[in-house]
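Right, dumping it as structure tokens:
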């Protein structure tokens with residue numbers, strides 16, 4: 006944690022102490038095993054042998070970003086220990102910044118892209134059990150996610166039913182890469198099970214264009230990593246419009262979705278556009294009985310990271326007002342990635358009430374935390 010600690014000036018230390026008075030819920034901490042062999046005790050032997058012979062081979066499409074797994078280089082204790090595999094380091098991170106809860110979001114995102122649904126379902130089950138034993142059980146502040154392979158909705162539902170009652174499991178984790186937009190009725194059995202257990206559906210960029218998934222953008226495949234980062238927002242927009250217009254929130258009124266790491270600059274404009282279209286076209290989707298923005302305010306939340314950085318910092322306040330951040334935004338660090346947002350670095354001049362809502366209260370209500 007030396008790299009993080011050296012950034013803390015006296016002013017930042019005062020800000021950290023102020024932040025410690027808040028409830029802070031970090032909704033995006035990436036953890037994972039050092040290698041696939043850590044999952045072998047939780048996997049059927051046939052799949053251990055398969056990995057030994059052929060590797061995981063999820064068919065992932067990756068756009069090279071930066072060295073050391075796109076993490077902050079100063080977080081590495083040595084040349085071998087990825088910071089996302091270091092439980093002690095993550096616990097130290099929570100201690101340093103007074104974070105009350107850390108929601109674990111790392112996992113086998115590529116499992117959604119492989120044609121072998123049985124292998125992918127088994128791999129996700131193994132990861133989920135590994136996460137509970139190796140991470141969640143080690144610190145009262147950790148909250149976990151159920152990773153699914155939705156290629157077989159029946160097995161996905163069974164995994165929710167198996168783990169959905171665990172007291173420290175708070176959500177279902179899916180990548181934005183998918184075969185269909187998430188409003189499609191193909192996914193409805195999964196949403197029904199999640200709603201029954203009070204689990205949030207969290208969507209994170211990954212696996213777009215990989216394996217059996219569709220292209221990563223509406224224009225096809227991009228070439229470079231910065232292009233892919235720019236495309237994440239359009240992917241989230243497509244999923245959100247699908248969820249609303251295909252009636253997911255009308256059919257499952259208690260279901261909650263959280264989009265993290267897709268930025269938020271697009272949220273106000275999309276809501277305005279959908280509301281305007283709904284006024285003239287709602288006869289085409291009569292099951293959408295409320296304005297799209299009303300469904301979003303009641304059922305959808307957005308992660309703060311990466312926080313928008315307008316040329317005039319004062320415009321951030323306008324953006325937060327436009328997207329109703331006091332209701333819709335939750336704090337995410339994106340630990341340990343290179344562009345992570347520390348709680349002492351963002352939202353420094355917003356009102357105390359808005360800071361209280363974003364840093365903790367919105368997530369507390371979303372996840373039902375004490």
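Numbering (this note's numbering), first residue to last: 6 to 375.
Glycine residues also receive a C-beta, built at the ideal position from the N, C-alpha and C atoms.
Beta strand (DSSP E) segments (min. 3 residues) lying fully within the segment 74-127 = Segments of the beta strand (DSSP E) lying fully in the segment 74-127: 106-109.
request  = Kindly indicate which three-state DSSP category residue 193 falls into: helix, strand or coil?
outcome  = Here residue 193 refers to the residue found at position 188 of the chain shown. Under the three-state reduction of DSSP, residue 193 is assigned to helix.
ask   = When we look at the beta-carbon of residue 67 and count the other beta-carbons within 10 Å, is it buried (16 or more) or exposed?
value = Position 62 of the chain shown holds residue 67. It counts as exposed.
Nearest candidate by alpha-carbon position, reference residue 216, set 233, 184, 342 = The residue you call residue 216 lines up with position 211 of the chain shown. Residue 216 has its Cα closest to that of 184, out of 233, 184, 342.
key: Pick from 163, 209, 329 that is closest to residue 339, judged by C-alpha positions   = Locating residue 339 in the chain shown gives position 334, counting from the first residue. Comparing Cα-Cα distances from residue 339 to each of 163, 209, 329, the minimum goes to 209.
Contacts around residue 121, its chain only, beta-carbon distance under 7 Å, and the 5 residues preceding and following it disregarded = Here residue 121 corresponds to residue number 116 of the chain shown, with the count starting at 1. Taken in chain order, the list of residues that qualify is empty.
key: Cβ neighbour criterion (16 or more within 10 Å) applied to residue 298   = Looking up residue 298 in the chain shown gives position 293. Buried.
query = At what residues does the alpha helix (DSSP H) containing residue 344 begin and finish?
reply = The residue labelled residue 344 in the question sits at position 339 within the chain shown. Counted as a single uninterrupted DSSP element, the stretch harbouring residue 344 is not any alpha helix (DSSP H), since DSSP gives it neither H nor E.
inquiry  = Count Cβ pairs between the segment 99-111 and the segment 361-374 that sit closer than 8 Å; are there 3 or more?
reply    = In short, these stretches touch, since the Cβ pair count reaches three.
message = According to DSSP, simplified to helix, strand and coil, what is residue 137?
response = Residue numbering aside, residue 137 sits at position 132 when the chain shown is read from its first letter. When secondary structure is reduced to three states using DSSP, residue 137 falls in the helix class.
inquiry  = Tell me which residues share the same chain as residue 83 and place their Cβ nearer than 6 Å to its Cβ, disregarding the 5 neighbours each side in the sequence.
reply    = Your numbering for residue 83 matches position 78 in the chain shown. Excluding residues within five positions, none has a Cβ falling inside 6 Å.
task = Kindly indicate the opening and closing residues of the alpha helix (DSSP H) around residue 324.
result = Along the chain shown, read from residue 1 onward, the residue named residue 324 stands at position 319. For residue 324, the enclosing alpha helix (DSSP H) stretches over residues 319-327.
message = If you follow the beta strand (DSSP E) that residue 33 is in, where does it begin and where does it stop?
response = Here residue 33 refers to the residue found at position 28 when the chain shown is read from its first residue. Unbroken beta strand (DSSP E) run through residue 33: 30-34.
task = Use the C-beta contact count for residue 71: other C-beta atoms within 10 angstroms, 16 or more gives buried, fewer gives exposed.
result = Position 66 of the chain shown, counting from 1, holds the residue named residue 71. Result: exposed.
query = Opposite residue 309 in the DSSP bridges: which residues?
reply = Translated into positions along the chain shown, residue 309 becomes position 304. Answer is none; residue 309 lacks a bridge partner.
ask   = Which word fits residue 15, buried or exposed, when buried means at least 16 other C-beta atoms lie within 10 angstroms of its C-beta?
value = The residue labelled residue 15 in the question sits at position 10 within the chain shown. Below a pLDDT of 50, predicted positions are generally treated as unreliable, and residue 15, at 47, falls in that range; the measurement from the model is reported next regardless. Residue 15 comes out exposed.
ask   = Between residue 252 and the rest of its own chain, which residues show a CB-CB distance below 7 Å, the 5 nearest in sequence each way excluded?
value = Within the chain shown, residue 252 is the residue found at index 247, counting from 1. Excluding residues within five positions, the ones whose Cβ falls inside 7 Å are 292, 293.
query = Is residue 318 near the ligand MG, going by C-beta to nearest heavy atom under 7 Å?
reply = The model on display carries no ligand, and the ligand MG is accordingly not part of it.
ask   = Taking the alpha-carbon positions, what's the residue 322 to residue 355 distance?
value = One-based indexing of the chain shown puts residue 322 at position 317. One-based indexing of the chain shown puts residue 355 at position 350. Cα to Cα, the separation comes out at about 7 Å.
query = Going by alpha carbons, who is nearest to residue 174 out of 194, 154, 160, 133?
reply = The residue you call residue 174 lines up with position 169 of the chain shown. Selected option, being the one with the closest Cα: 133.
Bridge-paired residues (DSSP) for residue 379 = Look at the range of the chain in this structure, 6 to 375, and you will see that residue 379 is not part of it.
inquiry  = Can you find the residues in the same chain that come closer than 7 Å, C-beta to C-beta, to residue 53, ignoring five residues on each side of it along the sequence?
reply    = Position 48 of the chain shown, counting from 1, holds the residue named residue 53. Here the set comprises 45.
request  = Measure how close the beta-carbons of residue 220 and residue 192 come, nearest whole angstrom, since I'm counting them as under 8 Å.
outcome  = Taking the chain shown and counting its residues from 1, one reaches residue 220 at position 215. Taking the chain shown and counting its residues from 1, one reaches residue 192 at position 187. Not really, about 19 Å apart at Cβ, beyond 8 Å.
message = Let's see if you can read the secondary structure: which residues bound the alpha helix (DSSP H) around residue 380?
response = Lying outside 6 to 375, the shown extent of the chain, residue 380 is not represented and no answer is given.
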